[in-house]
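The sequence shown begins at 1 in the numbering used here and counts up by one.
Written below as structure tokens is the structure these notes are about.
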Amino acid sequence: MKKLLFKIACAFLVSVFSVAALFCSGCENKDTPDDKTDAREEIVIGSDEYRPFFFTNGDGKFSGIDVEIATEAFARMGYKVKFIQIEWNKKDVLLSDGEIDCLWGCFSMTGREDVYSWAGPYMNSTQAVLVRKDSDIYSLSDLDGKRVAVQATSKPDEIFSEKIKSGELKLKNLLCFTSIDNVYASLRKGYADAIAGHVTAIRERIKNYSDDGYRFLSEPLMQVRLGIAFAKGTDGNFILKINETLEEMTADGSVGQILDKYGVDVKYALDGIKGYEQE
Numbered sequence: 001m002k003k004l005l006f007k008i009a010c011a012f013l014v015s016v017f018s019v020a021a022l023f024c025s026g027c028e029n030k031d032t033p034d035d036k037t038d039a040r041e042e043i044v045i046g047s048d049e050y051r052p053f054f055f056t057n058g059d060g061k062f063s064g065i066d067v068e069i070a071t072e073a074f075a076r077m078g079y080k081v082k083f084i085q086i087e088w089n090k091k092d093v094l095l096s097d098g099e100i101d102c103l104w105g106c107f108s109m110t111g112r113e114d115v116y117s118w119a120g121p122y123m124n125s126t127q128a129v130l131v132r133k134d135s136d137i138y139s140l141s142d143l144d145g146k147r148v149a150v151q152a153t154s155k156p157d158e159i160f161s162e163k164i165k166s167g168e169l170k171l172k173n174l175l176c177f178t179s180i181d182n183v184y185a186s187l188r189k190g191y192a193d194a195i196a197g198h199v200t201a202i203r204e205r206i207k208n209y210s211d212d213g214y215r216f217l218s219e220p221l222m223q224v225r226l227g228i229a230f231a232k233g234t235d236g237n238f239i240l241k242i243n244e245t246l247e248e249m250t251a252d253g254s255v256g257q258i259l260d261k262y263g264v265d266v267k268y269a270l271d272g273i274k275g276y277e278q279e
């Protein structure tokens with residue numbers, strides 16, 4: 001957000017000097033064609049590849065649930081957006097250094113409320129464990145002595161690390177990968193006995209591989225709410241405006257339409273979210 005505030009300050013100074021220059025030059029250049037460049041302030045959003053929330057389509061452009069919601073929300077607020085694909089384990093450094101203005105990529109607010117300045121929540125999600133259909137793992141307690149793969153610095157990483165630390169679980173290995181694709185590949189190739197992540201993201205990978213040899217544990221790892229993370233100390237009025245815009249988009253059906261487009265259960269995803277009225 002420091003980066004955004006700096007750009008706003010610069011824009012103000014530029015406008016002041018532009019007015020001064022106009023008075024100095026009189027009526028010269030009055031026939032200059034209008035500048036049609038998009039002059040809106042830019043919000044830089046960081047996320048990693050996480051289908052169906054954030055990914056690159058066949059045209060090389062960013063697509064996904066979060067891309068569409070973010071683009072529409074900030075457009076309504078008068079901003080344009082720039083998406084940057086990042087390494088998720090470097091997200092905090094990029095945010096604190098001002099390289100990005102916020103993190104918007106299927107990011108769980110739950111349990112991290114005091115780590116960032118949050119906008120949202122804008123939808124619900126479930127963190128779950130996936131195993132092979134012929135696995136002898138049927139509950140979280142069955143993971144004792146097993147190899148579990150997660151994405152590094154993700155919510156499942158935090159959950160299992162805490163369970164190991166407390167002695168609640170004794171895993172053979174907690175395998176941490178930089179991307180969800182590598183997490184899924186570790187189960188497919190037999191390097192892991194189970195993997196964990198957002199249900200929607202894992203289902204997307206099962207669909208892409210046309211693979212029906214897996215099942216989710218009936219016991220969820222955690223029910224979470226997703227939000228947009230800004231650096232601590234971000235202007236509260238700016239956060240409030242985002243929340244008002246997201247509520248407006250939820251109420252007018254825009255968020256639901258985007259979720260439905262990507263095959264998400266809208267009633268579950270928006271249950272309890274401001275602006276949503278279940279039919």
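Ideal Cβ placement from N, Cα and C applies to all residues, glycine included.
Name the one or two DSSP bridge partners that residue i has.
{"i": "W118", "result": "A229"}
{"i": "K82", "result": "V44"}
{"i": "G197", "result": "A128"}
{"i": "A224", "result": "Reading off the sequence shown, one finds Val at residue 224, where the question assumed Ala. Looking at the DSSP assignment, V224 forms a beta bridge with S125."}
{"i": "F238", "result": "None; F238 has no bridge partner."}
{"i": "F177", "result": "Q151"}
{"i": "F107", "result": "G227"}
CB residue i to CB residue j, shorter than 8 Å?
{"i": "A196", "j": "V150", "result": "yes"}
{"i": "L280", "j": "L140", "result": "The requested residue 280 is not part of the displayed model; the chain covers only 1 to 279."}
{"i": "V264", "j": "T200", "result": "yes"}
{"i": "D221", "j": "A128", "result": "Here the sequence assigns Leu to residue 221, which means Asp is not the residue at that position. Against a cut-off of 8 Å, the Cβ pair of A128 and L221 comes out as a contact."}
{"i": "S117", "j": "G233", "result": "yes"}
{"i": "I43", "j": "F74", "result": "yes"}
{"i": "R215", "j": "V93", "result": "no"}
{"i": "I45", "j": "C102", "result": "yes"}
{"i": "L270", "j": "Y262", "result": "no"}
Using three-state DSSP, classify residue i as helix, strand or coil.
{"i": "F53", "result": "coil"}
{"i": "R205", "result": "helix"}
{"i": "V255", "result": "helix"}
{"i": "V264", "result": "coil"}
{"i": "S218", "result": "coil"}
{"i": "A149", "result": "strand"}
{"i": "M123", "result": "strand"}
{"i": "L169", "result": "coil"}
{"i": "S96", "result": "helix"}
{"i": "S63", "result": "strand"}
{"i": "S135", "result": "coil"}
{"i": "S161", "result": "helix"}
{"i": "S186", "result": "helix"}
Quick check: the Cα distance between residue i and residue j, rounded to an integer number of angstroms?
{"i": "G58", "j": "F160", "result": "35 Å"}
{"i": "D252", "j": "D142", "result": "44 Å"}
{"i": "I228", "j": "N124", "result": "13 Å"}
{"i": "A192", "j": "S254", "result": "39 Å"}
{"i": "L259", "j": "T126", "result": "15 Å"}
{"i": "F230", "j": "I202", "result": "26 Å"}
{"i": "S47", "j": "L169", "result": "31 Å"}
{"i": "N88", "j": "Q257", "result": "For the sequence presented, residue 88 should be read as Trp rather than Asn. When rounded, the distance between both Cα atoms is 28 Å."}
{"i": "K90", "j": "G272", "result": "32 Å"}
{"i": "D134", "j": "F53", "result": "30 Å"}
{"i": "Y138", "j": "K172", "result": "17 Å"}
{"i": "D181", "j": "G111", "result": "24 Å"}
{"i": "D235", "j": "Y50", "result": "28 Å"}
{"i": "V266", "j": "A194", "result": "27 Å"}
{"i": "S166", "j": "Q223", "result": "21 Å"}
{"i": "G247", "j": "I69", "result": "Strictly speaking, residue 247 in this sequence is Glu, with Gly absent from that position. Those two C-alpha atoms are separated by around 12 Å."}
{"i": "S179", "j": "E113", "result": "24 Å"}
{"i": "E158", "j": "F107", "result": "13 Å"}
With a 10 Å radius around its C-beta and 16 neighbouring C-beta atoms as the bar for buried, classify residue i as buried or exposed.
{"i": "S281", "result": "It is not possible to answer for residue 281, since the shown part of the chain is limited to 1 through 279."}
{"i": "L240", "result": "exposed"}
{"i": "R40", "result": "exposed"}
{"i": "K146", "result": "buried"}
{"i": "S154", "result": "buried"}
{"i": "N243", "result": "buried"}
Indicate whether at least one CB of chain B lies closer than 8 Å to the CB of residue i.
{"i": "R51", "result": "Any reference to chain B falls outside this structure, which holds one protein chain only."}
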